[in-house]
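Here's the structure we're looking at; comments come further down.
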Amino acid sequence: MKRLQKKQISLFEPYVSKEEVIEVSKVIKGKFWASGSGTGKVKEFEEKFSKFVGCKNSVAVNSGTAALHLALGSCNVEKTEVLVPSITFVSSAHAAIYNNAKPKFVDVDESTLCIDIDDLEKKISQKTSVIIPVHMGGYPCDLRKIQKLAKDYKIKIVEDAAHACGTTYQGKKIGSHSDLVCFSFHPVKNLAMPTGGLIALNSNVKNLNWFKSKRWCGISNRKGVSYDVDSLGWNFYMNEVSAAIGLVQLKNLEKLNKRRLMIAKKYSKLINLDKKMPFSKDCNYNLYWIRVKNRKEFMKNMKDNGIETGIHYKPVHMMKFYSDSPKLKNCEKVFEELVSIPMHPNLSNDNVEKITYNVNLLSK
Ligand SMILES: Cc1ncc(COP(=O)(O)O)c(C=O)c1O
């Protein structure tokens with residue numbers, strides 16, 4: 119007889135209520151599934167998201183990668199250097215290449231894994247056009263210091279807030295501090311969709327119509343059925359199914375982030391490791407990282423005990439595609455020991471207890 123396999127505790131998981139299912143079937147049955155001009159649910163999502171984070175305008179797109187691509191595209195970065203922390207998802211760096219710029223990798227602060235401010239200042243040159251701070255795991259970067267550097271050296275900021283939906287910095291939601299802030303709604307993010315992203319805008323760097331045209335193949339001057347194309351654009355618009363899911367997720371976000379915060383509080387109190395993600399009530403805890411000396415063995419033993427783990431992230435400058443980049447001391451040291459443990463609102467108290475017990479046992 120086949121042995122029943124015990125369900126693994128997954129590393130990431132979206133929270134799904136009945137409401138998402140109802141809203142999705144309404145969209146499916148309504149047969150209006152998408153519009154390049156972003157009407158219907160997409161427009162409603164943009165308006166509600168702007169209110170939630172406190173930004174002036176929102177442009178919904180079909181991924182966080184697309185959001186970064188367009189946001190950098192609005193900053194005239196061609197032939198310049200874009201400063202990116204190396205511990206991030208590759209899209210933060212690729213966005214520079216998509217726009218004919220060069221990503222220049224910056225080391226991270228070991229205690230938060232966010233961009234290291236001293237190394238950031240050292241890496242600024244005549245060629246620097248943009249800094250991309252990444253709120254790693256949802257932990258807010260020191261935006262005040264980054265904004266000061268940006269002002270002193272006349273550099274723009276494009277925040278990569280893919281992890282930071284609902285994170286607060288100095289009493290205001292991430293999304294409200296910089297001219298351009300990019301979000302991802304990938305299924306493992308705090309606000310999950312099948313695929314989705316958004317650019318929060320807080321000034322008229324390029325006007326709203328520029329972004330709306332670029333996200334739909336460059337279409338401009340649309341009047342009824344006629345339109346023109348005045349520049350190259352992409353097929354980056356968000357579909358109605360994603361937006362319908364996003365609207366429900368947005369409604370539940372504060373509640374779900376509170377659950378994540380409670381889990382992070384337990385991890386930070388009960389896990390007997392010196393090196394782990396710091397606790398802050400401002401963080402939305404998209405993920406939770408720890409550092410262990412015996413990573414390979416630790417991850418295997420966790421798996422054998424029914425607990426999934428991951429690594430976020432292998433530093434981007436160590437990837438083959440970017441291998442001509444200089445070494446970064448902290449990133450490389452941290453990477454050897456870095457492990458993500460389960461973090462999502464579906465974890466029960468028993469799950470959290472099992473995870474902390476096993477982490478303490480297996481990291482010795
Ligand atoms: C830090 C970071 N930036 C950008 C992205 C890209 O987002 P998406 O997967 O929605 O394209 C991700 C997604 O995983 C991310 O984690």
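The opening residue of the sequence shown carries number 119 in the numbering used here; numbering runs sequentially from there. The beta-carbon is built from N, C-alpha and C at its ideal position, and this holds for glycine as well. As the structure is a prediction and not an experimental result, all values here were calculated from the model.
Quiz item: So is the beta-carbon of Asp227 under 6 Å away from any non-hydrogen atom of ligand 1?
Solution: no
Self-check item: Stretch-stretch touch, CB-based, cutoff 8 Å, three pairs: the region 199-218 with the region 362-379
Solution: no
Exercise. Look at the Cβ atom of Gly293, then the Cβ atom of Phe303, and state whether they are nearer than 7 Å.
Key: Between Gly293 and Phe303, the C-beta gap is not smaller than 7 Å, which leaves the two residues out of contact.
Practice problem: Name the one or two DSSP bridge partners that Asn175 has. | Solution: Leu319
Exercise. With a threshold of 6 Å, establish whether the CB of Gly158 neighbours any heavy atom of ligand 1.
Key: no
Practice problem: For Asp278, write down the residues that DSSP places opposite it in a beta bridge. | Solution: Paired residue(s): Val252 and Cys300.
Self-check item: Cβ-heavy atom distance, Gly256 to ligand 1, below 6 Å
Solution: no
Quiz item: Does at least one heavy atom of ligand 1 sit under 6 Å from the Cβ of Asp278?
Solution: yes
Quiz prompt | Rounded straight-line distance, which links the Cα of Ser153 to that of Ile233 | solution = Ile233 and Ser153: Cα-Cα distance of roughly 37 Å.
Exercise. With hydrogens ignored, establish whether the beta-carbon of Thr230 is closer than 6 Å to any heavy atom of ligand 1.
Key: no
Self-check item: Cα-Cα separation, Glu165 to Ile317
Solution: 12 Å
Quiz item: By the 10 Å Cβ neighbour count, where 16 or more other Cβ atoms means buried, how is Val224 classified, buried or exposed?
Solution: buried
Quiz item: Thinking C-alpha only, which one of Phe329, His462, Leu479 and Asp422 is nearest Ser155?
Solution: Of the listed residues, the one whose Cα sits closest to Ser155 is Phe329.
Quiz item: Where does Tyr385 land, buried or exposed, given buried means 16+ other C-beta within 10 angstroms?
Solution: Result: buried.
Quiz item: Using a threshold of 6 Å, is the CB atom of Pro252 nearer than that to any non-hydrogen atom of ligand 1?
Solution: A quick correction: the sequence has Val, not Pro, at residue 252. Checking the Cβ of Val252 against ligand 1 gives yes.
Self-check item: Identity of the residue in Glu426, Pro203, Leu374 and Ala211 nearest Cys401 by Cα
Solution: Leu374
Quiz item: Are the beta-carbon atoms of Asp346 and Asn353 separated by less than 7 Å?
Solution: No Cβ-Cβ contact shorter than 7 Å links Asp346 with Asn353.
Exercise. Give the single residue among Glu162, Gly255 and Asn175 whose Cα lies nearest to the Cα of Ser296.
Key: Asn175
Quiz item: Does the beta carbon of Phe167 fall short of 6 Å from some heavy atom of ligand 1?
Solution: no
Quiz item: Around the C-beta of Phe416, are 16 or more other C-beta atoms found within 10 angstroms, so that it is buried, or is it exposed?
Solution: When all chains shown are included, Phe416 counts as buried.
Quiz prompt | Leu201, enclosing beta strand (DSSP E) - first and last residue | solution = Segment Glu199 to Pro203, the beta strand (DSSP E) holding Leu201.
Practice problem: Starting from Ser398, follow the beta strand (DSSP E) in both directions and report where the run begins and ends. | Solution: Careful: Ser398 lies outside any beta strand (DSSP E) and carries neither H nor E.
Self-check item: Val457 versus Asn464: straight-line alpha-carbon distance, rounded
Solution: 20 Å
Exercise. Go ahead and pull the three-state DSSP assignment for Arg333.
Key: coil
Practice problem: Sort Val299, Gln244 and Asn308 by Cα distance to Val134 and report the nearest one. | Solution: Among Val299, Gln244 and Asn308, the Cα nearest to that of Val134 belongs to Asn308.
Quiz item: Does the region 387-397 come close enough to the region 182-191 to have 3 or more Cβ pairs within less than 8 Å?
Solution: no
Quiz item: Taking 6 Å as the line, does the beta carbon of Phe439 fall inside it for any heavy atom of ligand 1?
Solution: no
Quiz item: Three-state secondary structure (DSSP) at Gly428?
Solution: strand
Quiz item: What is the rounded straight-line gap between the Cα of Asp468 and the Cα of Tyr475?
Solution: 10 Å
Practice problem: With a 10 Å radius around its C-beta and 16 neighbouring C-beta atoms as the bar for buried, classify Ile140 as buried or exposed. | Solution: exposed
Quiz item: Does the Cβ of Lys240 have 16 or more other Cβ atoms within 10 Å, making it buried, or fewer, making it exposed?
Solution: Under this definition Lys240 is an exposed residue.
Quiz item: How big is the Cα-Cα spacing for Gly148 and Tyr403?
Solution: 36 Å
Quiz item: Where Leu319 and Asn327 are concerned, what is the direct C-alpha to C-alpha distance, given to the nearest angstrom?
Solution: 12 Å
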